[in-house]
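*Asks:* For any residue, its number in the working numbering is found by taking its place in the sequence shown, counting from 1, and adding 1. Heads up, the beta-carbon is just placed ideally off N, CA and C, and yes, glycines get one too. Keep in mind the model is a prediction, meaning the values are calculated, not measured. Dropping a structure here in C-alpha cells format, bear with me for questions.
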Amino acid sequence: MRAAVMRDRKLIVADVPVPTPGPGEVLVRTLACGICGSDLHALKHAEKFVETSRRAGGRPMDLGRDVVMGHEFCAEIVEHGPGTARTLPVGARVCSRPVLIRDTGPQTIGYSNEHPGGYGEFMRLSEALLLAVPNGLPTEQAALTEPMAVGLHAVQKARLEHEDAPLVIGCGPVGLAVIAALRLLDVRPIVAADFSARRRELAGALGADVVVDPAKTTPWESWRQVATVWREPSRAPQAPPWLPGPPARPAVVFECVGVPGVLDQIMAAAPRGSRIVVVGVCMEADAIHPMLGIVKELSLQFVLGYTQEEFAATL
Numbered sequence: 002m003r004a005a006v007m008r009d010r011k012l013i014v015a016d017v018p019v020p021t022p023g024p025g026e027v028l029v030r031t032l033a034c035g036i037c038g039s040d041l042h043a044l045k046h047a048e049k050f051v052e053t054s055r056r057a058g059g060r061p062m063d064l065g066r067d068v069v070m071g072h073e074f075c076a077e078i079v080e081h082g083p084g085t086a087r088t089l090p091v092g093a094r095v096c097s098r099p100v101l102i103r104d105t106g107p108q109t110i111g112y113s114n115e116h117p118g119g120y121g122e123f124m125r126l127s128e129a130l131l132l133a134v135p136n137g138l139p140t141e142q143a144a145l146t147e148p149m150a151v152g153l154h155a156v157q158k159a160r161l162e163h164e165d166a167p168l169v170i171g172c173g174p175v176g177l178a179v180i181a182a183l184r185l186l187d188v189r190p191i192v193a194a195d196f197s198a199r200r201r202e203l204a205g206a207l208g209a210d211v212v213v214d215p216a217k218t219t220p221w222e223s224w225r226q227v228a229t230v231w232r233e234p235s236r237a238p239q240a241p242p243w244l245p246g247p248p249a250r251p252a253v254v255f256e257c258v259g260v261p262g263v264l265d266q267i268m269a270a271a272p273r274g275s276r277i278v279v280v281g282v283c284m285e286a287d288a289i290h291p292m293l294g295i296v297k298e299l300s301l302q303f304v305l306g307y308t309q310e311e312f313a314a315t316l
C-alpha cells in the first residue's frame, strides 16, 4: 500500500506492506486523516519524542525503521479478522481510538513501527473499539472526533464549577476543541486568545464569548472585564494580609499552545488561586518559576488523550 512514511527523520511517500488483521481485529481503508500537531512535533523532535516516551514508561518507536503516523482518522471496514463478531459490516464507516488491544497490553497506532496509522491506505483496528459513524456525518468531520475528544477530556478533567471563569490561551485545533466542550457544558463566559485572525474567528463561531488578539490587548484584561463579578462572594479566596486589594476571581486557564515559555507567562499573569490546565503538547524542555505558583497558590494540571466514553460521546 502507499503511505506517507517517516523515514530518516523525513516524511516521504513509499510502498509498505498492507497490515494483516489479527484475532479480534479488522482491516480498514483510510477515508480521511488529520495531521496532528503532535505528528509535526514527532517529526521535528523525533529523538526527544522517543526519549520522553521511554521515560514515561511507553513503548517508543525505533527511528531506524519506518513509521506510518496518523491517529485522527475515519475509515471503512474492508475485512474482518479471525475471532471477530462482525457486528459492523464490510463497507461501514468507523472511527476508533488509535489503540490496538493485544494480550500484551494496549499498543499505539501511528507512533509505532508495527501498527501503521491513517497516513497509509490501510490500518488494522480492534473491533471492540470501533464506533459506527452516524448517518449524515461527513467523513472529514468524523475524522475530527479524536482532536475534539482531547478538548472534552481536558474540560472534564478540569472539574469546573459554576463560579469558574475559563480562559483559553491558543485557538488551534485543541484550543477550539476546548472552547466547543466548554460551550457544550454551558461554562461561561469563555474568553479565548490567539494571534491568528482566522483562529479567532473560529473561536467565536464555536462559542467563545470574548475573543482577544494578544498583539493588541492582553487576554487577562479582557478576562477581568467579564469575570470579576462573583455570584457567591463568600466563595472568593481570601488573600494573605501582605497582598493588597480585594481578592480576585480565580481563573481556569487552558494552555493550548505547547510552546516553551507560555506556561511561565500564564503563571505570572494568573490571579491568585487559579487553576492551569496544560493541554498543549510541548516537546521541548521548559522552565517555570515555582515561587510564582507558591505565592499565588496556583494549581497546575497536565492532561492527555481521552477515555473511550469521551471519544464515543464526541462522535
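How many Å lie between Val260 and Ile289 at the Cα?
*Replies:* Here residue 260 is taken as the residue at index 259 of the sequence shown, counted from 1. Here residue 289 is taken as the residue at index 288 of the sequence shown, counted from 1. Computed Cα separation, rounded: 13 Å.
*Asks:* Identify every residue that forms a DSSP beta bridge with Gly281.
*Replies:* Against the sequence shown, residue 281 aligns to sequence position 280. Its beta-bridge partners do not exist; DSSP assigns none.
*Asks:* Which residues does DSSP pair with Leu301 in a beta bridge?
*Replies:* Here residue 301 corresponds to residue number 300 of the sequence shown, with the count starting at 1. Leu301 pairs with Ile277.
*Asks:* Would you decide whether Lys297 is buried or exposed? Buried here means 16 or more other CB atoms lie within 10 Å of its CB.
*Replies:* Against the sequence shown, residue 297 aligns to sequence position 296. It counts as buried.
*Asks:* Assuming Ala143 contacts Val151 under a Cβ cut-off of 8 Å, what Cβ separation, rounded to an integer in Å, is found between them?
*Replies:* Taking the first residue of the sequence shown as position 1, residue 143 is located at position 142. Taking the first residue of the sequence shown as position 1, residue 151 is located at position 150. With a Cβ gap of about 15 Å, Ala143 and Val151 do not count as contacting.
*Asks:* Going by beta-carbon coordinates alone, are Pro167 and Val253 separated by less than 7 Å?
*Replies:* For this step, residue 167 is matched to residue 166 along the sequence shown. For this step, residue 253 is matched to residue 252 along the sequence shown. Taking 7 Å as the Cβ cut-off, Pro167 and Val253 qualify as a contacting pair.
*Asks:* Here's the rule: buried if 16 or more other CB atoms are within 10 angstroms of the residue's CB, otherwise exposed. What is Ser197?
*Replies:* Locating residue 197 in the sequence shown gives position 196, counting from the first residue. Around the Cβ of Ser197, a 10 Å sphere holds fewer than 16 other Cβ atoms; the residue is exposed.
*Asks:* Kindly indicate which three-state DSSP category Glu73 falls into: helix, strand or coil?
*Replies:* Position 72 of the sequence shown holds residue 73. Glu73: strand per DSSP, three-state reduction.
*Asks:* From the DSSP output, read off the bridge partner residues of Leu168.
*Replies:* Against the sequence shown, residue 168 aligns to sequence position 167. Per DSSP, Val192 and Val254.
*Asks:* So what does DSSP say about Arg98, is it helix, strand or coil?
*Replies:* Along the sequence shown, read from residue 1 onward, the residue named residue 98 stands at position 97. DSSP places Arg98 in coil when its eight states are reduced to three.
*Asks:* Leu132 bridges to which residues according to DSSP?
*Replies:* In the sequence shown, residue 132 corresponds to position 131, counting from 1. Note: Leu132 sits in a beta bridge opposite Cys96.
*Asks:* By the 10 Å Cβ neighbour count, where 16 or more other Cβ atoms means buried, how is Ala216 classified, buried or exposed?
*Replies:* Your numbering for residue 216 matches position 215 in the sequence shown. By the 10 Å Cβ count, Ala216 comes out exposed.
*Asks:* Going by beta carbon distance, what residues of the same chain come within less than 6 Å of Val213, once the five residues before and after it are set aside?
*Replies:* Here residue 213 refers to the residue found at position 212 of the sequence shown. Around Val213: Ala194, Pro220 and Ser223.
*Asks:* Please tell me whether Ala204 and Ile170 are closer than 7 Å, where the distance is taken between their beta carbons.
*Replies:* Against the sequence shown, residue 204 aligns to sequence position 203. Against the sequence shown, residue 170 aligns to sequence position 169. The answer is no: Cβ separation not under 7 Å.
*Asks:* By DSSP, does Glu310 sit in helix, in strand, or in coil?
*Replies:* Here residue 310 refers to the residue found at position 309 when the sequence shown is read from its first residue. If DSSP states are grouped into helix, strand and coil, Glu310 belongs with the helices.
*Asks:* Pick out whichever of Asp187, Ser127, Met268 and Val6 has its Cα sitting closest to the Cα of Asp67.
*Replies:* Reading the sequence shown from its first residue, position 66 is the one you call residue 67. It is Val6 whose Cα lies nearest to the Cα of Asp67.
*Asks:* Helix, strand or coil: how does DSSP classify Val19 here?
*Replies:* As a first step, residue 19 must be located in the sequence shown, where it is residue number 18. If DSSP states are grouped into helix, strand and coil, Val19 belongs with coil.
*Asks:* Would Lys49 and Met284 qualify as a contact pair, given that the criterion is a beta-carbon distance under 7 Å?
*Replies:* Position 48 of the sequence shown, counted from the start, is the residue given in the question as residue 49. Position 283 of the sequence shown, counted from the start, is the residue given in the question as residue 284. Going by C-beta atoms, Lys49 is nearer than 7 Å to Met284.
*Asks:* Among the candidates Leu130, Pro61, Cys96 and Leu161, whose CA atom is the shortest distance from the CA of Glu73?
*Replies:* As a working mapping, residue 73 is identified with position 72 in the sequence shown. If we check each option's Cα against that of Glu73, Cys96 comes out closest.
*Asks:* Buried or exposed: which applies to Leu41, given that a residue is buried once 16 or more other Cβ atoms fall within 10 Å of its Cβ?
*Replies:* Here residue 41 refers to the residue found at position 40 of the sequence shown. When all chains shown are included, Leu41 counts as exposed.
*Asks:* What's the gap between the Cα of Pro245 and the Cα of Gly274?
*Replies:* Indexing the sequence shown from 1 puts residue 245 at position 244. Indexing the sequence shown from 1 puts residue 274 at position 273. Per-residue confidence for Pro245 stands at a pLDDT of 46, beneath the threshold of 50, marking its modelled position as unreliable; the derived number appears in the next sentence. Looking at the two C-alpha atoms, the distance is approximately 15 Å.
*Asks:* In three-state terms, what does DSSP make of Ala359?
*Replies:* Summary: the structure shown does not reach residue 359, with the chain confined to residues 2 through 316, and so no result is reported for it.
*Asks:* Following the continuous beta strand (DSSP E) through Thr31, name the residue where it begins and the one where it ends.
*Replies:* Position 30 of the sequence shown, counted from the start, is the residue given in the question as residue 31. Taken as a continuous stretch (DSSP letters only), the beta strand (DSSP E) holding Thr31 covers Glu26 to Gly35.
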